[in-house]
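So the structure is just underneath, and the comments pick up after that.
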Amino acid sequence: MGLLKDLGDLVQAGVIPTETADAIRAYYDDRRRQSPNRVILLFSIIGSLLTGLGILFILAHNWDQFSRLTKSVLAFVPLLLCQALCAYTLLRKSDHSAWRESASSLLVFAVGGCMSLIAQIFHLSGSLSDFLLTWCLLSIPLVYIMRSSVTSLLVLAGASLYVLQSLNTPENRDNWMGYLLLLAGLAPHYRSLLLSNKDQPLVSQHHWGVSLSLILFLVSLGNQYDAFLSPAFFGLFASYSLIGGLQPFKKHSYFARAFPVLGYAGTAFLLFELSFEGFWDKLPEKNLWQTSALISPESLAAFASIAIAVWLLYKRLLVESPRNLHPVKYLFVPFVWCFGLGMFFNISSTAVSFLMIGLGIYEIASGLRNNKLAGVNGGLVLLAFAIGARLLDYDLSFIAKGILFVLLGIGFFLVNYRILKNSQRHEF
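Residue numbering for the sequence shown is -14 to 413, as defined by my numbering.
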């Protein structure tokens, strides 16, 4: 980097002493050794995956000609080789993240391949759900032994696929318990990444992986009382928005900060989806106040996510004025009231539409105040969707609907014109 090149000139000019220059060089040398080369790391992982895939194809070509004993030996050979590679990496290359990540990734796939081959050779029965759970449980120790974030992401993907199996078969309805167990197994590694204060791709990928996995987890809970998932998602997205402002997440670029991005996008999507009357018309018929509904996994998830959001909001209000909070962080509070009323009265679709309109007006006002064109257009989009949802529910003529949409389009042009005129007079 430029600073290291100029150190000699700075020493000769007497700006800094030789000891300071040596300390700076030592600091950057140590930082370079600890920071993985992203290109080498990427191609090492890709090379590992391609190598494993090639070996599988070679074995598959002559698989039927082998005896059962030969097949069993061949099933364990890749596993043993990958274990030997991991042992070599720990002994000789433990400081090289590319070696650790590629070796552990190979071993993860070797474990899964060995399990599936042994099951096929000896005709062992079992479900895909059990296979995924066992595979993930066997892979979790690698996360800590090899200090591998790629393995953590692979286990997280496997856990998400495992919990989604509950959507296909009723006997897998309890998969959410195993999913939480797997998530607890990965939690210490994720916590160490947060505390490391490193802005690396694998850290931001964990943010995206964890946030998306939790969304899939809530989706998998949908069953008889899936109406409870609406407040559950509101609480989850509010929690995302609230923790997105914490220090471990602030240092990343905006789109690398998965939690605030998904928190805002998820809240806006829910407001639009629930502004239609279809959901609320059927809500009173679901008998959600019965004991069986209140102790269902969907209800427990809703109570848990709302409780977490309330706690995070309380902690935020201790250090920040309510006027400085974005509405996405507390919209779950009025929605919970709308949901409670919706179980008895058919007024909640209109109330949710007002929440969406209020969010749109806030974005427009904030964008105009700060001369942010993106914020203004985002608010206009929210208004357009909110009004559009109401138009689809109401029996209006095509002419009336057309006039309203034309007015919205004119509003887009006028507001953007005002922002552009202001930007010519003032610098952003």
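The beta-carbon is built from N, C-alpha and C at its ideal position, and this holds for glycine as well.
List the endpoints of the continuous alpha helix (DSSP H) containing E305.
First-last for E305: undefined, no H or E at that position.
Decide if the stretch 309 to 323 is in contact with the stretch 246 to 266; the criterion is three or more beta carbon pairs, one per stretch, under 8 Å apart.
yes
If I measure Cβ to Cβ from W120 and keep anything under 7 Å in the same chain, skipping five residues before and after, which residues do I get?
V96, G97, M100 and G143
Closest Cα partner of R301 within the set G360, L392, Y225 and T252
Y225
Exposed or buried, which one is Y402 when buried takes at least 16 other CB atoms within 10 Å?
exposed
Sub-7 Å separation of E86 and S124 beta-carbons
no
Spatial distance of G230 from R53 (CA atoms):
57 Å
Mind checking which residues open and close the alpha helix (DSSP H) that includes W274?
Counting along the chain, W274 falls outside any alpha helix (DSSP H), and DSSP gives it neither H nor E.
Just to confirm the assignment, what range does the alpha helix (DSSP H) spanning Y129 have?
L113 to I130
Nearest to A60 by CA position, among I106, V93 and C71, is which residue?
I106
Where do the N-terminal and C-terminal ends of the alpha helix (DSSP H) with D266 fall, by residue?
E262 to K267
Hey, out of L221, D266 and Q(-3), whose CA is closest to S334's CA?
D266
Three-state class that DSSP yields for K357 in the structure shown
coil
Please classify W161: is it buried, with 16 or more other beta-carbons within 10 angstroms of its beta-carbon, or exposed?
buried
According to DSSP, is N208 helix, strand or coil?
coil
Is it right to say N157 is buried, meaning 16 or more other beta carbons lie within 10 angstroms of its own, or is it exposed?
buried
Would you call W296 buried or exposed, if buried means 16 or more other Cβ atoms sit within 10 Å of its Cβ?
exposed
For E414, is the classification buried or exposed, using 16 other Cβ atoms within 10 angstroms of its Cβ as the cut-off for buried?
Outside the modelled stretch of the chain, which goes from -14 to 413, sits residue 414, for which no answer is possible.
Residue of S215, L152, L399 and F202 minimising C-alpha distance to N208
L152
With a threshold of 16 other CB atoms inside 10 Å of the CB of E270, please say whether the residue is buried or exposed.
exposed
Quick check: the stretch 274 to 284 against the stretch 247 to 254, are at least 3 beta-carbon pairs closer than 8 Å?
no
Name the two residues that bound the continuous alpha helix (DSSP H) containing N160.
N160 to L180
Closer than 7 Å by C-beta to I395: which residues in its own chain qualify, once you throw out the five before and the five after it? Chain order, please.
none
If you draw a straight line from the C-alpha of L389 to the C-alpha of I342, how long is it?
15 Å
Given A292 as reference, the closest of F222, S137 and L344 once Cα atoms are compared
F222
Please tell me whether C67 and L92 are closer than 7 Å, where the distance is taken between their beta carbons.
yes
For I106, report the span of its alpha helix (DSSP H) as first-last.
S82 to I106
Applying the 10 Å Cβ sphere with the 16-neighbour rule, what's the burial state of P173?
exposed
Helix, strand or coil, according to DSSP, for R77 in the structure here?
helix
In this structure, does DSSP put G480 in helix, strand or coil?
It is not possible to answer for residue 480, since the shown part of the chain is limited to -14 through 413.
Closest by C-alpha distance to Q275, when choosing among L201, M328, A243 and L206:
M328
Quick one: what does DSSP say Q50 is sitting in, helix, strand or coil?
helix
Presumed contact (8 Å Cβ cut-off) between L316 and L340, rounded CB distance
6 Å
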